[in-house]
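Student:
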Amino acid sequence: MTKCLTFLFVAICVSASVTVDASEKDASPDAGRIHPKVFEMVTSWDSDTEQPVVTEINLDAVAKNRNQFDFSKVKKNGEWIECVGDDGHGFRRFKTIKSDKKRHVIEFQRNAGGTLTTSTLIEFVIETRHVLKAGKAHPIQVLRVMAIETT
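What follows is the structure in structure tokens.
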């Protein structure tokens, strides 16, 4: 009886850990579709105070507009998704702080090459909505900002 209960306990624990890992993996924002520049568009300049500047971003356009959003420069560095600044100095990067199936919280950091690195927490959802193109409705994936806090 004891062996049976031990086996059952181990089976439940192992399946629970596999389930948690799978759901966490599925819940993370798709780093392959979100360029760090996206979050820079949300935040304001250091000299300005009002944000978010942009509250909704068309992720389908980001994926296709390779001149503005060059994914070949985006690298994974530990838990950070990052790219160097446009002039080769500094960086833009983000990491996932919290993520469930619908809502995501990331920390976005920006550095222009000097000693100042700004940090902002951004909460967002990824949704599908329709936009008219040439009079026809087309579904697009959008990143919609729900909350922002500069730390």
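In terms of our numbering, the sequence shown opens at residue 1280 and continues consecutively. Backbone N, C-alpha and C define an ideal beta-carbon position, used for all residues, glycine too.
Just list the residues that DSSP pairs Thr1407 with in beta bridges.
Tutor: Position 128 of the sequence shown, counted from the first residue, corresponds to residue 1407. Answer is Gln1420, bridged to Thr1407.
Student: Do you know whose CA, among His1368, His1383, Ala1416, lies nearest Phe1394's CA?
Tutor: Numbered from 1 along the sequence shown, position 115 holds the residue referred to as residue 1394. Position check: residue 1394 holds Thr in this sequence, whereas Phe was assumed. For the residues His1368, His1383, Ala1416, the minimum Cα distance to Thr1394 belongs to His1368.
Student: Can you say whether Thr1322 is buried or exposed, counting buried as having 16 or more other CB atoms within 10 angstroms of its CB?
Tutor: Reading the sequence shown from its first residue, position 43 is the one you call residue 1322. Its Cβ being crowded by 16 or more others within 10 Å, Thr1322 is buried.
Student: Run the CB neighbour count on Thr1407, radius 10 Å, all protein chains shown included, and call it buried at 16 or more, exposed below.
Tutor: Numbered from 1 along the sequence shown, position 128 holds the residue referred to as residue 1407. Exposed, because fewer than 16 other Cβ atoms sit within 10 Å of the Cβ of Thr1407.
Student: If you follow the beta strand (DSSP E) that Val1248 is part of, which residue opens it and which one closes it?
Tutor: With the chain covering only 1280 through 1430, there is no way to say anything about residue 1248.
Student: By the three-class DSSP mapping on this structure, what secondary structure does Ala1413 have?
Tutor: On the sequence shown, residue 1413 is found 134 positions in, with the first residue counted as 1. Three-state result, Ala1413: coil.
Student: Are three or more beta carbon pairs between the segment 1362-1381 and the segment 1334-1344 nearer than 8 Å?
Tutor: Segments in contact, no.
Student: Among all the DSSP beta bridges, which residues are the ones paired with Thr1399?
Tutor: Working through the sequence shown from its first residue, we reach residue 1399 at position 120. Thr1399 pairs with Phe1387, Thr1429.
Student: Would you mind sorting Leu1411 into buried or exposed? The rule is 16 or more other CB atoms within 10 Å of its CB.
Tutor: Translated into the one-based positions of the sequence shown, residue 1411 becomes position 132. Leu1411 should be labelled exposed.
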